[in-house]
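Residue numbers (our numbering): 227 to 411.
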């Protein structure tokens, strides 16, 4: 083998090695991005269910005002409130059973704004379901529930914007950060 053939063989080997290295590293980077997006998708789904459940609770609460003797409906409200609280806890801490990982710090910070409204909503629901609820209390429950819905919408919007940024920039940024210092970005 001539000198130029040895050089071409080494150059070709190096090029193939780096191509394979970049290919495998991009697979790991994309897998990490997809896992993150999948978890945030589950968070958004659960947040949507929480939003829907809060509306259902208020609706059932209004129905109890029409028929005070419907004790089954009151039991359903109590069960729904407990499920609602469990869902909020899962959102905050994660739940392996449903494939939900714990949120990262920016998401948790944003979620605490929702959690504040959630606590106000559940406090407003802790009224006595054994008797007719005064109209003033119902109006208060609906007002607090509306604030909860608004804060949940903001949280989902925050995650949605972040997901779009992840899809657009995350793989590129992560790939380049392995070659440049992180402070460069």
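Glycine is no exception: its CB is placed at the ideal position from the N, C-alpha and C atoms.
| Query | Result |
| --- | --- |
| Can you tell me the Cβ-Cβ gap for residue 378 and residue 306, rounded? I've got them flagged as a contact below 8 Å. | Between residue 306 and residue 378 the Cβ distance is about 16 Å, and since that is not below 8 Å, they are no contact. |
| Alpha carbon to alpha carbon, how far is residue 328 from residue 232? Give it in angstroms, no decimals. | 53 Å |
| Assign residue 244 to one of two classes, buried (16 or more other C-beta atoms within 10 Å of its C-beta) or exposed (fewer than that). | exposed |
| Going by DSSP, which residues form a beta bridge with residue 326? | 321 |
| If the criterion is Cβ atoms closer than 9 Å, does the pair residue 374 and residue 347 meet it? | yes |
| From the DSSP output, in three-state form, read off residue 293 for me. | coil |
| Roughly how many whole angstroms lie between the Cα atoms of residue 324 and residue 265? | 10 Å |
| Let me know if residue 284 comes out buried or exposed under the rule of 16 or more other beta-carbons within 10 Å of its beta-carbon. | buried |
| Under the rule that 16 or more other beta-carbon atoms within 10 Å means buried, what is residue 333, buried or exposed? | buried |
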